[in-house]
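Have a look at the structure below before the remarks.
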Amino acid sequence: MNFNNDQNPYLLLTPGPLSTSSSVREAMLKDWCTWDEEYKLLVQSIRSDLLTIGGVSAEDYTSVLMQGSGTFSVESVLGTVIPSEGKVLVVANGAYGSRMATIAERLHIPVTVVCGGESNTPDLVGIERELREDQSITHVAVVHCETTTGMVNPIEAIGKLVKQYNKTYIVDAMSSFGGMDISIQNIGIDFLISSANKCIQGVPGFGFVIANRLELNKCANQARSLSLDLYDQWVTMEEEQGKWRFTSPTHTVHAFKQALQELKEEGGIAARSERYRTNQRRLVKGMRTLGFETLLPDADQSPIITSFREPVHEAFSFYHFYTKLKEQGFVIYPGKVTNQETFRIGNIGEIYEEDIERLLTAVEKSMYWLEPIG
Ligand SMILES: *Cc1c(COP(=O)(O)O)cnc(C)c1O
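Quick note on my numbering: the sequence shown kicks off at 4 and runs consecutively.
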């Protein structure tokens, strides 16, 4: 159980930043120099740990760390790896898929979007049709766990099509990497993007990319931005053995190393995904008992975050519900689906089944709609 205390009065049941362990937070209590040998060795060890966790060989894959929140890394990939004559097919069934399309538009990268609605799984037939009919598509980008709803997208089935048509495959695994098993190499993912403050359970400050070496090697002088040039960042990290081009988030990097160590101690991705899955099942079972409905059918649901429909009851207000829960030590997340009233509860981070049990007790006490005021 992650006990609340004065320093940390509530648990974040959110998709990141999330509740971290006190040992991860304690890893930040010193100051470090960015060109120091010890620091660069730490960066190199993190880069190599990421390949190990990702289950990819260092011969075929490499990893690059990039300053900023997760979106900066997504923008860095899209802006660097698609050549000027390229075009990206974005599969969008939520805000994060749509954000990739917006990034492409902003960077003047030709883009086609296949979207089938936020509560629906991606349209594989539509994706194949685009790949077959539009020869100018060079890259396909999809979100693994669409955090908007909590849906897990079929990156394997989409990957088959991408490889069948010989395209480069970009996967935003921001909210799933470290918490769900992903066969990067088997699926043929060329660029997988995630960040420090999601399932690895570090604190915010940088994102990272696990990249197919051959594909990344083609990307010199292509980036549409200086600071987000993934290729240049990679070359500097390789040639200068762990050096970032510009100031790196040193404290976050130290916390991340500690978080990686704790992931290993927990038993790797297999054990962590099992814990998340147990949390998620317990949450849904308890919430259903209390009368709540999930937005998605169980088959489409990730073990990361769950969307619940707001009860249709005059005495329910999300604001009251949120505030009451926060008073009792739990912060939940508003909904992000555009056409339905929902709220979200995440169960990743330093969260255990006992925490979910305590949450359910708090939810029961906070349901104004069962006990209308006055
Ligand atoms: C969290 C997240 C991102 C990145 O969001 P930031 O706020 O930039 O860190 C991107 N994609 C998905 C699917 C996410 O869950």
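In this text, a Cβ means the ideal position worked out from N, Cα and C, and glycines have one as well.
By Cβ distance, which residues of its chain are closer than 6 Å to residue i, with the 5 residues on each side in sequence left out?
i, result
"G377", "With a pLDDT of 47 at G377, under the threshold of 50, the modelled position of this residue cannot be trusted, and the question is left open."
"F295", "F311"
"L362", "F333"
"V59", "I187, Q188"
"G205", "A199, A258, F259, A262"
"G82", "L110, A226, R227, S228, L231"
"P20", "N200, P207"
"A273", "none"
"A223", "Y234"
For residue i, which residues in the same chain have their Cβ closer than 8 Å to its Cβ, ignoring the five residues on either side in sequence?
i, result
"S87", "Q225"
"P18", "T150, S178, K201, I307, I308, Y336, R347, G349, I351"
"R135", "Y168"
"G245", "Y42, K43, L44, L45, V46, Q47, R50"
"I359", "N282, R285, L286, G289, N350"
"L54", "S60, A61, Y64, T65, S66, I213"
"G129", "V117, G119"
"Q236", "V67, L68, M69, S79, W247, R248"
I'd like to confirm something about residue i: is its beta-carbon nearer than 6 Å to some heavy atom of ligand 1, or not?
i, result
"M177", "yes"
"T74", "yes"
"Y99", "yes"
"T105", "no"
"T281", "no"
"T150", "yes"
"V146", "yes"
Using alpha carbons as the reference points, say which of the options lies closest to residue i.
i, options, result
"A318", "G162, M370, I213", "M370"
"T105", "F75, S230, R132", "F75"
"R284", "F321, S305, L219", "S305"
"I56", "E313, I158, R275, E360", "R275"
"E29", "E40, N11, T37", "N11"
"N220", "K33, W38, E243, D63", "D63"
"E277", "Y234, M183, E241, I190", "M183"
"G302", "D137, P157, L53, M69", "The sequence given here places Ala at residue 302; Gly does not occur at that position. Checking every option, the nearest Cα to that of A302 belongs to P157."
"T37", "E243, A144, R102", "E243"
"R364", "V340, T341, K327", "Going by the sequence as given, residue 364 is Thr instead of Arg. When only C-alpha atoms are compared, the closest one is K327."
"Y279", "M69, I354, E269, G338", "I354"
"M69", "S26, E40, Y234", "Y234"
"E218", "Y172, E40, I190", "Y172"
"R102", "V145, R248, Y322, I190", "V145"
Could you name the residues of the same chain whose beta carbon sits closer than 7 Å to that of residue i, not counting the 5 residues immediately before and after it, in chain order?
i, result
"Y325", "I335"
"S203", "First, the residue type needs correcting, since residue 203 is Ile and not Ser in the sequence shown. G181, F259, A262, L263, L266, listed in sequence order."
"V287", "T297, T309"
"A176", "H147, I185, L195, I196, S197"
"G71", "F209, G210"
"Y13", "N7, K329, G332, F333, V334"
Flag this pair as yes or no: are the beta carbons of residue i and residue j separated by less than 7 Å?
i, j, result
"E108", "L231", "no"
"T255", "G210", "no"
"E356", "T292", "no"
"I85", "H142", "yes"
"V117", "H147", "no"
"S24", "L15", "no"
"T152", "G97", "yes"
"E131", "L164", "yes"
"S139", "K170", "no"
"V67", "V238", "no"
"Q65", "R216", "Strictly speaking, residue 65 in this sequence is Thr, with Gln absent from that position. Going by C-beta atoms, T65 is nearer than 7 Å to R216."
"V80", "V93", "no"
"W35", "T253", "yes"
"A95", "L127", "no"
"E344", "E313", "yes"
"P32", "M154", "It is worth fixing the name first, because residue 32 is Leu in this sequence and not Pro. Taking 7 Å as the Cβ cut-off, L32 and M154 do not qualify as a contacting pair."
"V315", "E121", "no"
Report yes or no: is there a C-beta of chain B within less than 7 Å of the C-beta of residue i?
i, result
"L164", "As a matter of chain content, chain B is missing from the structure shown, which is built from one protein chain."
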